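K.L.:
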Amino acid sequence: MYKSKAEIEIIGVNPFVFVPAEILQQIFKQAGKDKGHIPINGTINTKPYKQTLVKYGGEWRLYINTTILKNSPKRIGETVEITVSFDTESRAIAPPESFVKALSENEGAKAVFDNLTASRKLEIVRYLSRLKTEEILEKNIKRAINFLLGKERFVGRDKP
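Right, dumping it as structure tokens:
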């Protein structure tokens, strides 16, 4: 766990802090990469967070949403204490078993799903995995299959 102090800044509507270069180098070493999204965890003013480091505009930033720090958009200029660690815990989201079964029963939909980009697959799986009741899940699995078959919109998207 690496500790530092950082000033909250804003880009667009997104509050963030810069992570010091020496900490970034250690995180990159642990992650085995210095590109793409890098999963991290730690604390901001002792409140735990789980987040992703993102490079934007040539700079690595730790974005601070309101679940991490209450009223973060109103706290621009405030100095906070941060701790940062590379997060080795898997962030994979398992698709609901009923969705896997529905794909296995529909070769056309499965073929389309298998050829989607990783981010589009994740978008569908994440949406389905967050549904609360079995009834709503089944309804949305049918919609997802129809979407994959080009028959209807799903999660705000036109045909794949």
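First residue of the sequence shown: 7, per our numbering; consecutive thereafter. All residues carry an ideal CB built from backbone N, CA and C; glycine is no exception. Treat the numbers as computed from the prediction; the structure is a model and nothing was measured.
1. To the nearest angstrom, report how far apart Q57 and T123 are at their CA atoms.
2. What are the residues that DSSP puts in a beta bridge with L59?
3. Contact check, T49 vs I88 under 8 Å by CB: the rounded distance?
4. On the DSSP bridge list, what partners appear for E113?
5. Which word fits P54, buried or exposed, when buried means at least 16 other C-beta atoms lie within 10 angstroms of its C-beta?
6. Span of the beta strand (DSSP E) holding F24?
7. What does the Cβ neighbour count give for I142, buried or exposed, with the cut at 16 atoms within 10 Å?
8. Should G156 and K145 be called a contact, given that it needs their Cβ atoms to be closer than 8 Å?
9. Going by DSSP, which residues form a beta bridge with R67?
10. Touch check for the region 32–50 and the region 84–104: three-plus C-beta pairs under 8 Å?
11. Express the C-alpha separation of P101 and E111 in angstroms, rounding to a whole number.
12. Does the Cβ-Cβ distance between A150 and L134 come in under 8 Å?
P.N.:
With the given structure in hand:
1. The straight-line gap separating the alpha-carbon atoms of Q57 and T123 is approximately 22 Å.
2. For L59, which the question treats as bridged, DSSP gives the partners I44.
3. About 7 Å separates the two Cβ atoms, so the contact holds.
4. Beta-bridge pairing links E113 to no other residue.
5. Burial state of P54 is exposed, judged by a 10 Å Cβ sphere holding fewer than 16 other Cβ atoms.
6. It spans N20 to F24 - the beta strand (DSSP E) in which F24 sits, taken as one unbroken run.
7. Exposed, because fewer than 16 other Cβ atoms sit within 10 Å of the Cβ of I142.
8. Between G156 and K145, the C-beta gap is not smaller than 8 Å, which leaves the two residues out of contact.
9. Note: R67 sits in a beta bridge opposite F24 and V60.
10. With the cut-off at 8 Å, the region 32–50 and the region 84–104 touch.
11. The straight-line gap from Cα to Cα measures roughly 15 Å.
12. Yes, the pair counts as a contact, with Cβ atoms nearer than the cut-off.
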